[in-house]
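Residues in the sequence shown are numbered from 10 upward in steps of one, following the numbering used here. Contents: one structure, followed by commentary.
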Amino acid sequence: PATRTSLSSPRRTGLSRILSRHNSLVLENAGVYETSMFYWKKTGKYVLLENIPCGYWGHAGQWEPEYKNHSYYRIRDFETGAVMTNISSSIGMGFGASFIDYDNQRAWVFGTSYDRCNNSHNSPTGPPGVYAWWSDD
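Structure representation (C-alpha coordinates):
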(Lines of atoms letter the chains of each structure in order from A and count residues from 1; the text may use other names and numbers.)
(Lines give C-alpha, C1' and ligand atoms only; values in the text may rest on other atoms or scores of the structure.)
Protein backbone atom coordinates (compact mmCIF):
# COMPACT_ATOMS: atom_id res chain seq x y z
CA PRO A 1 0.00 0.00 0.00
CA ALA A 2 1.05 3.59 -0.67
CA THR A 3 2.16 5.75 2.22
CA ARG A 4 0.57 9.08 2.71
CA THR A 5 2.81 12.09 3.26
CA SER A 6 1.58 15.37 4.65
CA LEU A 7 2.75 18.44 2.80
CA SER A 8 1.21 20.84 5.27
CA SER A 9 4.07 20.70 7.77
CA PRO A 10 7.43 20.26 6.04
CA ARG A 11 10.41 19.24 8.14
CA ARG A 12 12.57 22.28 8.79
CA THR A 13 16.20 21.81 7.90
CA GLY A 14 19.10 23.94 9.11
CA LEU A 15 19.01 25.99 5.92
CA SER A 16 15.25 26.59 6.10
CA ARG A 17 15.62 27.90 9.67
CA ILE A 18 18.35 30.22 8.47
CA LEU A 19 16.28 31.38 5.51
CA SER A 20 13.41 32.26 7.85
CA ARG A 21 15.52 35.29 8.85
CA HIS A 22 15.70 36.32 5.20
CA ASN A 23 13.48 39.41 5.47
CA SER A 24 15.48 41.04 8.27
CA LEU A 25 18.78 40.19 6.57
CA VAL A 26 17.60 41.79 3.33
CA LEU A 27 16.99 45.03 5.21
CA GLU A 28 20.45 44.86 6.82
CA ASN A 29 21.96 44.09 3.41
CA ALA A 30 20.24 46.91 1.49
CA GLY A 31 22.84 48.97 -0.33
CA VAL A 32 25.62 46.43 -0.79
CA TYR A 33 26.58 45.44 -4.33
CA GLU A 34 27.28 41.90 -5.58
CA THR A 35 26.88 39.15 -2.98
CA SER A 36 27.80 35.45 -3.06
CA MET A 37 26.63 32.94 -0.49
CA PHE A 38 28.56 29.79 0.35
CA TYR A 39 28.71 27.07 2.98
CA TRP A 40 32.00 26.92 4.90
CA LYS A 41 32.42 23.36 6.22
CA LYS A 42 35.09 24.29 8.77
CA THR A 43 32.66 26.47 10.72
CA GLY A 44 29.43 24.78 9.65
CA LYS A 45 28.05 28.18 8.61
CA TYR A 46 26.53 29.80 5.57
CA VAL A 47 28.40 33.03 4.90
CA LEU A 48 28.17 35.90 2.44
CA LEU A 49 30.92 37.58 0.46
CA GLU A 50 29.67 41.14 0.00
CA ASN A 51 30.94 43.97 -2.21
CA ILE A 52 30.70 47.20 -0.22
CA PRO A 53 30.33 50.57 -2.01
CA CYS A 54 30.97 53.99 -0.48
CA GLY A 55 27.28 54.82 -0.17
CA TYR A 56 26.59 51.84 2.10
CA TRP A 57 25.33 52.88 5.54
CA GLY A 58 27.76 50.53 7.34
CA HIS A 59 30.88 51.32 5.27
CA ALA A 60 34.06 50.56 7.25
CA GLY A 61 35.53 53.94 6.22
CA GLN A 62 33.47 55.48 9.03
CA TRP A 63 35.72 53.70 11.57
CA GLU A 64 38.85 52.68 9.69
CA PRO A 65 40.48 55.45 7.60
CA GLU A 66 42.17 53.13 5.07
CA TYR A 67 38.71 52.07 3.78
CA LYS A 68 37.43 55.63 3.34
CA ASN A 69 36.42 56.48 -0.26
CA HIS A 70 37.10 52.94 -1.50
CA SER A 71 35.02 49.87 -2.22
CA TYR A 72 36.03 46.58 -0.60
CA TYR A 73 34.84 43.05 0.21
CA ARG A 74 33.68 41.63 3.50
CA ILE A 75 32.52 38.28 4.87
CA ARG A 76 29.30 38.16 6.88
CA ASP A 77 27.61 35.34 8.80
CA PHE A 78 24.35 34.67 6.96
CA GLU A 79 22.45 33.42 10.00
CA THR A 80 23.33 36.18 12.49
CA GLY A 81 24.18 39.02 10.12
CA ALA A 82 27.44 39.67 12.00
CA VAL A 83 30.38 40.93 9.96
CA MET A 84 33.10 38.28 10.31
CA THR A 85 35.84 40.26 8.56
CA ASN A 86 36.51 43.16 6.24
CA ILE A 87 39.08 42.01 3.70
CA SER A 88 41.70 44.77 3.93
CA SER A 89 43.61 43.50 0.89
CA SER A 90 40.49 44.18 -1.20
CA ILE A 91 40.40 47.94 -0.55
CA GLY A 92 39.79 49.60 -3.91
CA MET A 93 38.52 46.40 -5.53
CA GLY A 94 35.16 45.64 -7.12
CA PHE A 95 33.01 42.89 -8.61
CA GLY A 96 34.13 40.20 -6.16
CA ALA A 97 32.80 36.64 -6.37
CA SER A 98 33.48 33.57 -4.26
CA PHE A 99 34.32 29.98 -5.20
CA ILE A 100 34.75 27.18 -2.70
CA ASP A 101 37.19 24.34 -3.30
CA TYR A 102 35.71 21.77 -0.91
CA ASP A 103 38.28 19.10 -1.85
CA ASN A 104 41.10 21.27 -0.52
CA GLN A 105 39.08 23.17 2.14
CA ARG A 106 39.89 26.53 0.57
CA ALA A 107 37.70 29.57 -0.10
CA TRP A 108 38.64 31.68 -3.12
CA VAL A 109 37.61 35.25 -3.94
CA PHE A 110 38.13 36.69 -7.41
CA GLY A 111 37.72 40.38 -8.20
CA THR A 112 38.89 43.31 -10.29
CA SER A 113 41.00 46.31 -9.39
CA TYR A 114 38.08 48.58 -10.29
CA ASP A 115 37.31 50.87 -7.34
CA ARG A 116 33.52 51.15 -7.27
CA CYS A 117 33.61 54.34 -5.20
CA ASN A 118 35.46 56.51 -7.68
CA ASN A 119 34.84 54.40 -10.82
CA SER A 120 38.53 54.05 -11.45
CA HIS A 121 41.02 51.34 -12.30
CA ASN A 122 43.44 53.20 -10.05
CA SER A 123 43.06 50.88 -7.09
CA PRO A 124 45.38 51.52 -4.13
CA THR A 125 45.82 47.75 -3.93
CA GLY A 126 47.47 47.19 -7.30
CA PRO A 127 47.54 47.75 -11.07
CA PRO A 128 44.51 46.98 -13.30
CA GLY A 129 43.65 43.31 -13.50
CA VAL A 130 41.78 40.41 -11.95
CA TYR A 131 43.02 39.37 -8.52
CA ALA A 132 42.51 36.22 -6.46
CA TRP A 133 42.61 35.64 -2.71
CA TRP A 134 42.28 32.38 -0.81
CA SER A 135 41.85 31.31 2.78
CA ASP A 136 41.67 28.00 4.57
CA ASP A 137 40.68 29.27 8.03
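The beta-carbon is built from N, C-alpha and C at its ideal position, and this holds for glycine as well.
With burial defined as no fewer than 16 other Cβ atoms inside 10 Å of the residue's Cβ, what is the status of residue i: buried or exposed?
i	result
T22	With a pLDDT of only 47 at T22, under 50, the local geometry of the prediction cannot be trusted, and no value is derived from it.
N95	buried
Y76	buried
G103	buried
G101	buried
Am I right that residue i and residue j are in contact with their C-beta atoms under 8 Å? What's the rounded C-beta distance?
i	j	result
L154	Y82	Limits of the chain in this structure are 10 at one end and 146 at the other, which puts residue 154 out of reach.
D124	S80	6 Å
K50	Y140	Not quite, the Cβ-Cβ distance comes to about 25 Å (not below 8 Å), so this is no contact.
D6	R115	Outside the modelled stretch of the chain, which goes from 10 to 146, sits residue 6, for which no answer is possible.
Return yes when the Cβ of residue j is within less than 7 Å of the Cβ of residue i, no when it is not.
i	j	result
Y48	N60	no
A91	S45	no
In the DSSP output, which residue or residues are listed as bridge partners for residue i?
i	result
G64	Looking at the DSSP assignment, G64 forms no beta bridge with any residue, so it has no partner.
K54	W49
W143	W117
R83	E59 and N95
F108	W117
S129	D124
T1	The question about residue 1 has no answer here: the residues shown for the chain are numbered 10 through 146.
G103	T121
Determine contact between the region 104-121 and the region 62-72, defined as no fewer than three beta-carbon pairs at a distance below 8 Å. no
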